[in-house]
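In the numbering used here, the protein residues as written are 87 to 337.
All residues carry an ideal CB built from backbone N, CA and C; glycine is no exception.
Note that this is a predicted model, so its numbers are computed, not measured.
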């Protein structure tokens with residue numbers, strides 16, 4: 087499927103030309119891989135730590151070097167995320183424009199999107215701040231965008247030293263169906279390992295690499311440099327072969 091969906095489609099401006107590397111043809115012996123479990127946001131379960139360590143052990147038998155290391159830049163993702171997402175804070179809800187529902191893929195309707203955007207911009211100019219509160223200025227959002235660019239650059243520079251990163255998908259094993267409740271759900275437990283790399287746009291493969299004491303799957307993710315999806319798949323296949331990968335539930 088990947089060779090079919092990758093690359094430009096003459097509609098989405100964010101899709102760029104890419105060369106597909108067949109995972110089965112990728113050599114592993116000269117690769118350098120970083121791995122970690124601690125991310126400075128949450129303390130992961132011991133079962134998660136052991137699972138990541140077992141993945142590192144598997145990879146160390148096939149690649150040049152596996153080193154425990156952590157990209158310090160990811161500590162900044164929460165600040166940058168909150169900054170970018172505060173663009174609508176302190177704006178009166180009844181004065182903010184309502185985003186319309188658009189059926190289908192937006193890239194297929196550029197003219198319609200332009201028209202809708204013009205309408206939203208006109209409405210946005212009439213938005214009002216909550217009394218005694220200051221809404222974000224456009225210039226503030228511009229500088230938050232600069233911080234995002236700097237964040238992405240720092241992640242890229244970390245990747246100059248490695249071919250891949252291995253870390254948990256979440257700080258906890260999977261939870262039972264229907265749990266946790268909204269009251270007990272801690273977003274940092276389940277998002278603080280994946281979101282920092284979503285911000286940077288790195289390719290990622292996630293897979294089951296372990297099992298908790300109560301039989302629930304423990305996921306890990308393998309991240310590579312931009313355009314190296316084939317390598318992520320190759321490493322994921324190796325780990326699945328060694329540790330079992332997906333397992334059907336015992337029901």
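Reference residue i, options the options, closest by Cα
i: residue 151; options: 219, 212 and 250; result: 250
i: residue 336; options: 301, 317 and 248; result: 301
i: residue 278; options: 225, 206 and 165; result: 165
i: residue 254; options: 91, 235 and 283; result: 283
i: residue 155; options: 317, 144, 139 and 204; result: 139
i: residue 324; options: 88, 91 and 113; result: 113
i: residue 46; options: 311, 146 and 132; result: The first residue shown for the chain is 87 and the last is 337, placing residue 46 beyond what the model contains.
i: residue 172; options: 129, 130 and 230; result: 230
i: residue 147; options: 281, 117 and 134; result: 117
i: residue 103; options: 326, 93 and 285; result: 93
i: residue 168; options: 97, 233 and 276; result: 233
i: residue 170; options: 326, 308, 285 and 293; result: 285
i: residue 203; options: 259, 221, 235 and 183; result: 183
i: residue 175; options: 260, 332 and 224; result: 224
i: residue 240; options: 91, 276, 205 and 287; result: 287
i: residue 99; options: 195, 319 and 262; result: 195
i: residue 209; options: 219, 185, 220 and 222; result: 185
Coil, strand or helix - residue i by DSSP
i: residue 315; result: helix
i: residue 237; result: helix
i: residue 294; result: strand
i: residue 130; result: coil
i: residue 150; result: coil
i: residue 305; result: strand
i: residue 182; result: coil
CA-to-CA distance, residue j to residue i, given in whole angstroms
i: residue 272; j: residue 257; result: 10 Å
i: residue 161; j: residue 111; result: 35 Å
i: residue 299; j: residue 290; result: 27 Å
i: residue 95; j: residue 132; result: 44 Å
i: residue 159; j: residue 326; result: 29 Å
i: residue 141; j: residue 334; result: 21 Å
i: residue 259; j: residue 280; result: 14 Å
i: residue 125; j: residue 115; result: 28 Å
i: residue 97; j: residue 130; result: 41 Å
i: residue 91; j: residue 101; result: 10 Å
i: residue 248; j: residue 238; result: 16 Å
Proximity below 8 Å, CB of residue i to CB of residue j
i: residue 252; j: residue 306; result: yes
i: residue 178; j: residue 214; result: yes
i: residue 317; j: residue 107; result: yes
i: residue 274; j: residue 128; result: yes
i: residue 321; j: residue 88; result: no
i: residue 328; j: residue 137; result: no
i: residue 339; j: residue 331; result: The first residue shown for the chain is 87 and the last is 337, placing residue 339 beyond what the model contains.
i: residue 212; j: residue 181; result: yes
Per-residue burial, residue i [other beta carbons within 10 Å of its own, 16 or more giving buried]
i: residue 153; result: exposed
i: residue 314; result: buried
i: residue 201; result: exposed
i: residue 217; result: exposed
i: residue 157; result: buried
i: residue 149; result: buried
i: residue 228; result: exposed
i: residue 246; result: exposed
i: residue 319; result: buried
i: residue 308; result: buried
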